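Residue numbers (the working numbering), protein chains in the order written: chain A, 6 to 320; chain B, 15 to 105.
The structure is reproduced here in structure tokens:
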């Protein structure tokens, strides 16, 4: 059993310090050790608890968020749920702009925490939710938008907490792999590890989008301001099929029930590990599988699932 | 022949085609062949001879920016994927 830690003063204070586990069956050969950082063990079940807490605390400190003020944020799920929990603890109404084609669990959980949901057109993807939220924030100056894509508290919390935890848990880490969303995890952990352990490689797993890409023009494309591309050493695209296969191997071989982006991250981690002779690979698994249960990613026919994922936003 | 996959947002420049077959031993040469067939794509994919920052180019599943860039080698069995930079993943 893990060592007990002192009680947290509140659920918000229980964020972070997540477990690291060795993946002995998924490691491709004896020379390489593969480890997973289980961010699904955070209070609302994802790495975004760290980011939401950091953004809210920094906004309270600098006065940009005042007592009772409404928090508005575009999110396809995890960040919204984290903000909803934290907002409910601290007395801030929370309004989340979310594409209308995600899994129903996200809406259910957001409502449990008392958040209001504004749906954006699913065909416009995450970019559409961002555009709509920015429009709402411009029209209503009374709301506070943390804006995870551009908020430096996002990479900073990974520099200050996730990175040091990883180095303490796996001091000989040679490669760090994580999914690329806002870029906050890769940037913050990457910058920290590169300071402390020169030569470490930072590798991104990027979802291959389906035909529904939601871009009206190329210039609508989006490089998140928090992403420091110079910290990346490699980047791999992962299609839905390979992500689902990775997700199923995590469950079958290691007993880890994780979200779809974790399937993509493990696929890349195993691939990178296979190409190494010796060393240690750490992969960050961003969330648990709970919010994806209705999509039945674990048992349905892969071809059927692939067609369905092509047109929706399960990630 | 190497296959280049064209994202939806650029298909107005390929007459609607999702893929284009090209020849060339590097990404640069393959793209030149593509631009020869669909000239309007050149200014959308490149800026002053460099890749536009709004476009990511992959050989199979690997981003060429972290390999040899436009000089990354491609073979006849490889697929080049052009993708707009966009918000992805579960956030």
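Glycine residues also receive a C-beta, built at the ideal position from the N, C-alpha and C atoms. Fair warning: this is a prediction, and the values are worked out from it, not measured in the lab.
**Prompt:** Taking the alpha-carbon positions, what's the residue 32(B) to residue 254(A) distance?
**Reply:** Computed Cα separation, rounded: 32 Å.
**Asked** Can a CB atom of chain B be found closer than 9 Å to the CB of residue 181(A)?
**Response** In terms of beta-carbon proximity, residue 181(A) stays away from the interface with chain B, with every pair separated by 9 Å or more.
**Request:** Quick one: measure Cβ to Cβ for residue 210(A) and residue 291(A), integer angstroms, because I've assumed they're closer than 8 Å.
**Result:** Residue 291(A) and residue 210(A) do not touch by the CB rule: their CB atoms are close to 10 Å apart, not below 8 Å.
**Request:** Please classify residue 63(B): does DSSP put it in a helix, a strand, or coil?
**Result:** DSSP places residue 63(B) in coil when its eight states are reduced to three.
**Continuous alpha helix (DSSP H) stretch holding residue 90(A): start and end** = For residue 90(A), the enclosing alpha helix (DSSP H) stretches over residues 83 to 95.
**Asked** Going along the chain, which residues of the stretch 17 to 35 of chain B sit with their C-beta nearer than 8 Å to a C-beta in chain A?
**Response** Look at the stretch 17 to 35 of chain B: the residues with a C-beta under 8 Å from a C-beta of chain A are 21, 22, 23, 24.
**Asked** Can the beta-carbon of residue 246(A) be found closer than 9 Å to that of residue 313(A)?
**Response** No, the Cβ-Cβ distance between residue 246(A) and residue 313(A) is not below 9 Å.
**Request:** Could you pull the start and end residues of the alpha helix (DSSP H) that residue 201(A) belongs to?
**Result:** 189 to 201 is the span of the alpha helix (DSSP H), which, as asked, contains residue 201(A).
**Request:** Would you mind stating whether residue 117(A) and residue 275(A) have Cβ atoms separated by less than 9 Å?
**Result:** No, the Cβ-Cβ distance between residue 117(A) and residue 275(A) is not below 9 Å.
**Request:** Note the first and the last residue of the continuous alpha helix (DSSP H) segment covering residue 18(B).
**Result:** Counting along the chain, no alpha helix (DSSP H) covers residue 18(B); the unbroken beta strand (DSSP E) around it starts and ends at 16 to 19.
**Nearest candidate by alpha-carbon position, reference residue 38(A), set 288(A), 166(A), 88(A)** = Checked all of 288(A), 166(A), 88(A); the closest Cα to residue 38(A) is 288(A).
**For residue 65(A), the first and last residue of its enclosing alpha helix (DSSP H)** = That run of the alpha helix (DSSP H) goes 53 to 66.
**Message:** Would residue 103(B) pass as an interface residue toward chain A - the criterion being a Cβ-Cβ separation below 9 Å?
**Reply:** Residue confidence for residue 103(B) is low, a pLDDT of 42 falling below 50, so the modelled location carries little weight; the figure read from the coordinates is stated next. Residue contact with chain A for residue 103(B): present (Cβ-Cβ distance below 9 Å to some residue of chain A).
**Request:** Quick one: list the residues of chain B neighbouring residue 109(A), beta-carbon separation under 9 Å, in chain order.
**Result:** Those do not exist, as residue 109(A) stays about 15 Å from chain B at its closest Cβ, beyond 9 Å.
**Request:** Starting from residue 239(A), follow the alpha helix (DSSP H) in both directions and report where the run begins and ends.
**Result:** No alpha helix (DSSP H) holds residue 239(A); the beta strand (DSSP E) holding it covers 239 to 243.
**Secondary structure of residue 176(A), DSSP reduced to three states** = Residue state, collapsed to three classes: coil.
**Asked** Which term fits residue 113(A), buried or exposed, when burial requires 16 or more other beta carbons within 10 angstroms of its beta carbon?
**Response** Taking all protein chains shown into account, residue 113(A) has fewer than 16 neighbouring C-beta atoms within 10 Å of its C-beta and is therefore exposed.
**Prompt:** Tell me the DSSP bridge mates of residue 95(B)?
**Reply:** Beta-bridge annotation (DSSP): residue 95(B) is paired with 19(B), 72(B).
**Message:** Output needed for residue 34(B): all residues of its chain with C-beta closer than 8 Å, excluding positions within five of it in sequence on either side, in chain order.
**Reply:** Closer than 8 Å at Cβ, skipping near neighbours: 17, 18, 20, 28, 48, 51, 52.
**Prompt:** What residues match up with residue 33(B) in a beta bridge as DSSP calls it?
**Reply:** In the DSSP output, where bridge partners are listed per residue, residue 33(B) has 19(B).
**Message:** Measuring alpha carbon to alpha carbon, tell me which residue in 302(A), 206(A), 212(A) is nearest residue 187(A).
**Reply:** Across the set 302(A), 206(A), 212(A), the C-alpha of 212(A) shows the shortest separation from the C-alpha of residue 187(A).
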